[in-house]
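Here my numbering runs 50 ahead of the position in the sequence shown, where the first position is 1.
Step one of this worksheet: look at the structure below.
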Amino acid sequence: MPYTVAPTIRWSVEPAHRPGTPLVVALHGRGADEASFAQLAPHLPQGATAAFVRAPLAEGAGYAWFANRGIGRPLPDSIAATAAWLFGWLDAEAAGHTSVSLLGFSGGMAMAGGLLLARPEKFAAAVLLSGTLPWDAGLPEEPGRLAGVPVFWGRDDADPVIPADLVARTGEWLRKKSGARLAERRYPGLGHGIALPELADASDFLQGAWSAAAQQ
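Rendered as structure tokens:
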């Protein structure tokens, strides 16, 4: 079903300071919300604008990006509806920024991955944390789909939440088929979460991707 209400967003900076900055679209995990995820703002690159977006579907005390058929397995119609809703907002918002990058955690990684697969040319970089790409959800998966796109993938090999088969499939595709400029980082002991060292690495990665693009 289409969504008719504009996204609810927690911004990292005031409106007057957003134009001309890199935009980071930050997508929280399943059952969380934009307010809790906005705690990451101080750890993102200085001079960027972060938009912490609330997912459209109520899920317990929080929200979810799509209906699923199990953890990390979106229903195609549901993720497509959310992608269309997000792009409807983003296509207008992006005009005021120098670039658009994605940051997604857990279910938000699957949603960020869906946006990235749908329109890779729109994004300067993607930070994917503790999750999976949205497999078998009607999105393009051909080899070279993310050719040249800088992608950071951070996780713990012992993540107790994301199914191991989905992690393995994501890794195989990102490393060997995607064409992305992949930075893969493992954080033993992280479990299913986000840690400060990981955020520091992700922030450095984004800065590097933006600097490299500016020099081209």
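Cβ coordinates follow ideal geometry from the N, Cα and C atoms, glycine included.
Mark residue i as exposed unless 16 or more other C-beta atoms lie within 10 angstroms of its C-beta, in which case mark it buried.
i: residue 190; result: exposed
i: residue 220; result: buried
i: residue 90; result: buried
i: residue 145; result: exposed
i: residue 105; result: buried
i: residue 55; result: exposed
Rank the options by C-alpha distance to the C-alpha of residue i and give the top, closest one.
i: residue 131; options: 122, 116, 123, 144; result: 116
i: residue 248; options: 161, 179, 213, 264; result: 179
i: residue 183; options: 165, 239, 260; result: 165
i: residue 226; options: 162, 133, 193, 142; result: 193
i: residue 199; options: 173, 93, 159, 128; result: 173
i: residue 124; options: 154, 186, 135; result: 186
i: residue 66; options: 177, 147, 223; result: 147
i: residue 235; options: 223, 229, 251, 243; result: 251
i: residue 154; options: 107, 101, 118; result: 101
i: residue 84; options: 59, 99, 68; result: 59
i: residue 143; options: 99, 128, 127, 171; result: 99
i: residue 201; options: 57, 75, 137, 256; result: 256
i: residue 149; options: 97, 78, 158; result: 97
i: residue 232; options: 121, 223, 246; result: 223
i: residue 203; options: 244, 210, 239, 188; result: 244
Look up residue i in the DSSP assignment and give the residues it is bridged to.
i: residue 59; result: 103
i: residue 113; result: 82, 108
i: residue 262; result: DSSP, once it has assigned bridges, lists no residue as partnering residue 262.
i: residue 177; result: 153, 202
i: residue 234; result: 203
i: residue 190; result: Bridge partners of residue 190: none, in fact.
My understanding is that residue i touches residue j, with C-beta atoms under 8 Å, so please give their C-beta distance in whole angstroms.
i: residue 208; j: residue 241; result: 7 Å
i: residue 168; j: residue 218; result: Contact flag wrong, Cβ pair sits at about 23 Å.
i: residue 170; j: residue 196; result: 5 Å
i: residue 261; j: residue 95; result: Actually they are not in contact, since the Cβ atoms of residue 261 and residue 95 sit about 10 Å apart, beyond 8 Å.
Inset, instruction - State whether the stretch 213–221 contacts the stretch 102–114, with contact taken as three or more CB pairs (one from each stretch) at a distance under 8 Å. - result: no
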